[in-house]
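Counting along the sequence shown from 1, when you hit position 68 you're at 68 in full-length UniProt numbering, and nothing is skipped either side. All C-beta atoms, glycine included, are put in the ideal place defined by N, C-alpha and C. Everything numeric in this text was worked out from a predicted model, so none of it was measured. Input: a single structure, listed below in structure tokens.
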Amino acid sequence: MNAVQPLPHDYRSQMQAQALSYLQQHQAEHLGDDAQLIERTTSHLVHQLDVPLFMAPRLVALAISELPPPAFHP
Numbered sequence: 001m002n003a004v005q006p007l008p009h010d011y012r013s014q015m016q017a018q019a020l021s022y023l024q025q026h027q028a029e030h031l032g033d034d035a036q037l038i039e040r041t042t043s044h045l046v047h048q049l050d051v052p053l054f055m056a057p058r059l060v061a062l063a064i065s066e067l068p069p070p071a072f073h074p
């Protein structure tokens with residue numbers, strides 16, 4: 001019997017969720033440098049999770065759009 005192969009959308013959603021999780025875990029380390037956080041997240045996807053390089057920056061951008069806005073504390 002053949003196993004059901006996950007759809008590409010499922011893979012993309014899973015990797016986007018991984019990017020979001022990484023962003024949330026490391027956001028406090030990069031309070032003034034979003035570019036470095038984006039680069040680290042992209043690198044994490046590519047090197048740790050074997051996400052194709054062409055896909056990783058887009059997944060990170062989509063994950064960033066899911067982050068809640070920062071709380072304002074005067």
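In the DSSP assignment, Gln48 falls within the unbroken alpha helix (DSSP H) covering 34-49.
By the criterion of a C-beta distance shorter than 6 Å, Leu59 is surrounded in its chain by Met15, Gln16, Ala19, once the five residues flanking it on both sides are discounted. Going by DSSP, Ala28 is part of no alpha helix (DSSP H) at all; its letter is neither H nor E. For the pair Gln36 and Arg12, the Cα-to-Cα distance works out to about 23 Å.
For the pair Leu67 and Leu23, the CB atoms are nearer than the 8 Å cut-off. Rounded to whole angstroms, the separation of the alpha carbons of His9 and Glu29 is 30 Å. Contact between Val46 and Ala56 holds: their C-beta atoms lie close to 5 Å from each other, under 8 Å.
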